[in-house]
Amino acid sequence: MTSPSPALEALILLTRVNAEATAALDKALSRVGLWLNDLSLLGLLRDAGAQGLSRADLARALAQSQSQTLRRVKPMEKLDWIARTDAGNFRLSSHGRALELEASGLAANRSEAWLDGVLDADEIL
Numbered sequence: 028m029t030s031p032s033p034a035l036e037a038l039i040l041l042t043r044v045n046a047e048a049t050a051a052l053d054k055a056l057s058r059v060g061l062w063l064n065d066l067s068l069l070g071l072l073r074d075a076g077a078q079g080l081s082r083a084d085l086a087r088a089l090a091q092s093q094s095q096t097l098r099r100v101k102p103m104e105k106l107d108w109i110a111r112t113d114a115g116n117f118r119l120s121s122h123g124r125a126l127e128l129e130a131s132g133l134a135a136n137r138s139e140a141w142l143d144g145v146l147d148a149d150e151i152l
């Protein structure tokens, strides 16, 4: 039996690291009722500013279909985290901005702690 190629081994390792990092961040973000995927969406809208993003642009940025994007956004609209511009684009509401700021801080702290526990300084460089 042959062993997996180095490229395959690297991708398997990246998948495992991604799963572990996501789980660590999801646990931290659960304190404010979010998942990492939610924070990613809110961060895209934060970066878009007051003009927001169209459903098509948001879907493209999230690498998902427009219907999947709408299913993710609708509950956030009901919670007043996301609002619509006059043009119909999605943007962060004031509540959404505050939540995104708090969640980003939690995620940043947890990321640093997770990386400190997983990687030695020699492995990072």
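Using my numbering, read the sequence shown as starting at 28 and increasing by one per residue.
Ideal Cβ positions, reconstructed from N, Cα and C, are used throughout, including at glycine.
- Excluding five sequence positions before and after Val59, the CB atoms of its chain that fall closer than 8 Å to its own CB belong to Leu126, Glu129, Ala130 and Leu133, given in chain order.
- In the three-state scheme derived from DSSP, where H, G and I count as helix and E and B as strand, Ala77 is classed as helix.
- With contacts defined as CB atoms closer than 8 Å, Leu80 and Leu66 fail to qualify as a contacting pair.
- Straight across, the Cα-Cα distance linking Leu52 with Asp84 is about 26 Å.
- When DSSP assignments are scanned along the segment 94-133, the uninterrupted stretches of beta strand (DSSP E) that are 3 or more residues long and fall wholly within it turn out to be 109-111 and 117-119.
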